[in-house]
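J.:
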Amino acid sequence: MYDDGERFGGFDDPTFPAAAPAVPAGAAASAEATCRAAGVTDPSCWTAA
């Protein structure tokens, strides 16, 4: 909850992060395998945004 006169715009930092983090080689395949093993069947959940 915001105090009087406050709004969301004062709490964000549009410069963060400066760049997307690097994903280590093999991490995406490992994450997909984990999701599949957990029963996640929607392929849109396995791709980076």
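Read in order, the letters of the sequence shown are residues -8 to 40 in the working numbering. Every residue gets a Cβ at the ideal spot worked out from N, C-alpha and C, and that includes glycine.
If you draw a straight line from the C-alpha of residue 102 to the C-alpha of residue -8, how long is it?
T.: As shown, the chain starts at -8 and ends at 40. That puts residue 102 outside it, with no answer to give.
J.: Taking only the alpha-carbon atoms, compute the straight-line gap between residue 14 and residue -1 and give it to the nearest angstrom.
T.: Computed Cα separation, rounded: 30 Å.
J.: Is residue 23 helix, strand or coil when you go by DSSP?
T.: Here residue 23 sits in helix by DSSP.
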